[in-house]
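Q: Structure incoming, see below.
In our numbering, the protein residues as written are -14 to 498.
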C-alpha cells in the first residue's frame, strides 16, 4: 500500500505539475472529509505522513475523562489506561489509531469528491498563473473537436476554445490540424478555466508581422495602426525613425518573402502595407492603396471629413468590393473619406462656380465684380497669389473659370489646400460685399420713406385752409428746400419767375390717392 501511494503521489506531480505539498494537502483533506462523514466532526482527526511520504496514518484524538459525555471526542479513564499506560491522567489527550478501511462507502465517496474539487481548483490556479501574462501572445495548439461552430484546441496542459466569431471565413480545420492563434481572454466557466483564442483580431496579424520583421523588434520600424476585415483585407500603416530606411520595404521583404509568409498564415487574405504620414492628405492618399489618388481635399478639418479624387478607372478599386477598401481607409486614418472621380469634381466645381456667379449677379452693380483682381481681396496668401498670377489667373472670373475646368489641380506649386484657402477668402469677401450692399439698400429705402413722409405732410397742410398760421410756419420751414430746375438758385413756392435766370416757375403737388 505504501508503494502504491508513493506512485500515485509521484504521478500527480509529474503529469499534472502539482507540488508534493499540494498533493499531501489534498490527501489530508480527503481523509478528514471521510472522517467527518463517519463521526460527524473532523476537529479531532489527526493525519500524519511518514518521513518519506509513502504512507499515512489516521488518529482520533480524544480527551481522557471520568464519565464520557461525547464518545467521539472523549474516552473513559480506565479505557485510556488500557490503551496507553497507567500514568495517563484525567484531562490528558490520547491519539487512537483509525483504519481508513473501516470508513463507510459513503464516507469514502465524500472524500473522493473533496479530492477532485481540490485537484480542479489547484489545476485552475496553475493554468491561470501560467497563462495570465500571455494574453496577446501567439500560441500553437491542435484541433481537438468542434461543437456548435466552436473549435476546441489542445494546448497541452489545458484546452483552448476558438469561438466561431473569432474564425476567418477563409479557414477550415479538421482533426489534429495545427492551429496558430492569439490568446485574447482567460475566462471562468462551469467547466473550468477557458483560454479564449482568436484568428480574426488585427492584433493577431500584428503579432505575426512582428515575428517576421526583425526591424520591428529592433524598434527601427513601427506599426502605427492596423485595421482588418478578417478573411478579406488588412491595412497596416508603418513608419520609421531611421533615416534612409524604407519601412514598407522592410515589412514586405525582398521579393515579398516576409509579407507572403504572413499572407500564407491567414489563408491568402490581402494585405496592404503603406507608409504612415502625419499629414492627413498624404496619409489618406496612402490609405486608399492599391488605388491611385490624384488629389485629396479637406472639406471639414474639425469633423475630419475629406474627399479623394481618383481617375475614372480607379474608382472601383478605391472604393473596393461593397465599399471595403474605403471603409478600411476610414478606420485607418480616422477620417471620413468620400471618393470622387475627376469628372465628378469638375461637375461639382461647375455647380459651385455657377452658384457663385448667380450670387454675384444679385448685386446689380454696373461693374460686374468678377473683374475684381484677386490681389484686391483680403485673406489670400501672397505666395499663392504669385503662383496664380504666373499662370495668368488675375481676377475672380479667372479663378472661377479655372476652378470649373479643373485646371487648378494641374498647376505646379498649388496644393488642394491652397485652392481651398482662396475659395474660402472669396466666400468671405462675397459675404462681406453682400452685407454692405444690403446696408446701402436699407439706407436708400429709409431716405425714400422720409421724403414721402414730407410730401404727404405738405399735402395735408394745404388741404387744411382753416389752419393758416400753421401753414405759414410749415412753408417757412421747407421753402429753403426748393431750387430752380434751370440754374439751381433758391426759390419759394410763391414765386412765378426765378429771380436769378428769369425762367418761369410752376409748382404742382400730387394729391394722395
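The C-beta atom is built at its ideal place from N, Cα and C for all residues, glycine as well.
Since this is a predicted model, take the numbers as computed values, not measurements.
(1) Tell me whether residue 264 is buried or exposed, calling it buried when 16 or more other Cβ atoms sit within 10 Å of its Cβ.
(2) Using 10 angstroms around the beta-carbon of residue 213, count the other beta-carbons present and answer buried if the total reaches 16, otherwise exposed.
(3) What beta strand (DSSP E) runs, 3 residues minimum, are completely inside the region 160 to 208?
(4) At what residues does the alpha helix (DSSP H) containing residue 236 begin and finish?
(5) So, at 7 Å on beta carbons, what are the nonlocal neighbours of residue 301 in its own chain, with the 5 sequence-adjacent residues on each side left out?
(6) Roughly how many angstroms separate the alpha carbons of residue 135 and residue 219, rounded to a whole number?
(7) Return the CA-CA distance between residue 317 and residue 418, expressed in angstroms with no decimal places.
(8) Count the CB pairs spanning the region 184 to 200 and the region 246 to 256 that are closer than 8 Å, and state whether there are at least three.
(9) Rounded to a whole number of angstroms, what is the C-alpha to C-alpha distance between residue 380 and residue 363?
(10) Are residue 258 and residue 236 closer than 7 Å when you measure CB to CB?
(11) Taking the straight line between their C-alpha atoms, what separation do you get for residue 444 and residue 475?
(12) Residue 155: buried (16+ other C-beta within 10 angstroms of its C-beta) or exposed?
(13) Within the same chain, show all residues whose beta-carbon is closer than 8 Å to that of residue 31, passing over the 5 residues directly before and after it, in chain order.
(14) Under the three-state reduction of DSSP, which class applies to residue 126: helix, strand or coil?
(15) Give the single residue among 309, 296 and 320 whose Cα lies nearest to the Cα of residue 328.
(16) CB residue 145 to CB residue 180, shorter than 7 Å?
(17) Just to confirm the assignment, what range does the beta strand (DSSP E) spanning residue 63 have?
(18) Using the beta-carbon count (16 or more within 10 Å), is residue 119 buried or exposed?
(19) Judging by CA-CA distance, which residue of 413, 398, 283 and 116 is the nearest neighbour of residue 405?
(20) Within the continuous beta strand (DSSP E) that includes residue 135, where are the two ends?
(21) If contact is defined by three or more beta carbon pairs under 8 Å, each pair taking one atom from either stretch, is the region 10 to 27 in contact with the region 86 to 96?
(22) Can you say whether residue 457 is buried or exposed, counting buried as having 16 or more other CB atoms within 10 angstroms of its CB?
(23) Let's test the definition: count the other Cβ atoms within 10 Å of the Cβ of residue 484 and tell me whether it reaches 16, buried, or not, exposed.
(24) Using DSSP bridges, identify the partner residues of residue 225.
(25) Who are the near neighbours of residue 66 in its chain, counting only those whose CB is closer than 8 Å to its CB and skipping five residues on each side?
(26) Count the other CB atoms, across all protein chains shown, that sit within 10 Å of the CB of residue 125; report buried if there are 16 or more and exposed otherwise.
(27) The alpha helix (DSSP H) that contains residue 113, what's its start and end?
(28) To the nearest angstrom, how far is the alpha carbon of residue 285 from that of residue 115?
(29) Can you list, in chain order, the residues of its chain whose CB lies under 8 Å from that of residue 153, leaving out five sequence neighbours each side?
(30) So for residue 213, helix, strand or coil by DSSP?
(31) Roughly how many whole angstroms lie between the Cα atoms of residue 336 and residue 388?
(32) Straight-line CA distance for residue 138 to residue 173?
(33) What is the DSSP secondary structure of residue 83, counted as helix, strand or coil?
(34) Tell me which residue opens and which closes the alpha helix (DSSP H) that residue 374 is part of.
(35) Where do the ends of the alpha helix (DSSP H) carrying residue 9 lie?
(36) Per DSSP, what kind of secondary structure is residue 520 in: helix, strand or coil?
A: Quick answer:
(1) exposed
(2) buried
(3) 163 to 174 and 177 to 183
(4) 232 to 237
(5) none
(6) 24 Å
(7) 42 Å
(8) yes
(9) 13 Å
(10) Contact flag set, yes.
(11) Residue placement at residue 444 cannot be trusted, given a pLDDT of 47 that sits under 50; the coordinates are not used to answer.
(12) Label assigned to residue 155: exposed.
(13) 43, 44, 45, 46 and 80
(14) strand
(15) When each option's Cα is compared against that of residue 328, the closest is 296.
(16) yes
(17) Looking at the DSSP string, residue 63 is not in any beta strand (DSSP E); the run it does join, the alpha helix (DSSP H), is 62 to 68.
(18) exposed
(19) 283
(20) 135 to 139
(21) yes
(22) Only weak support is given to the placement of residue 457: the predicted model assigns it a pLDDT of 48, under 50, and the question is left unresolved by the model.
(23) With fewer than 16 other Cβ atoms within 10 Å, it is exposed.
(24) Paired residue(s): 206.
(25) 73
(26) exposed
(27) 90 to 116
(28) 50 Å
(29) 184, 185, 215, 216, 251, 252 and 254
(30) strand
(31) At residue 336, the pLDDT of 47 sits below 50, so the modelled position is not reliable; the number obtained from the coordinates is stated separately. Approximately 11 Å between the Cα atoms of the pair.
(32) Cα to Cα, the separation comes out at about 17 Å.
(33) strand
(34) 367 to 375
(35) 5 to 24
(36) Limits of the chain in this structure are -14 at one end and 498 at the other, which puts residue 520 out of reach.
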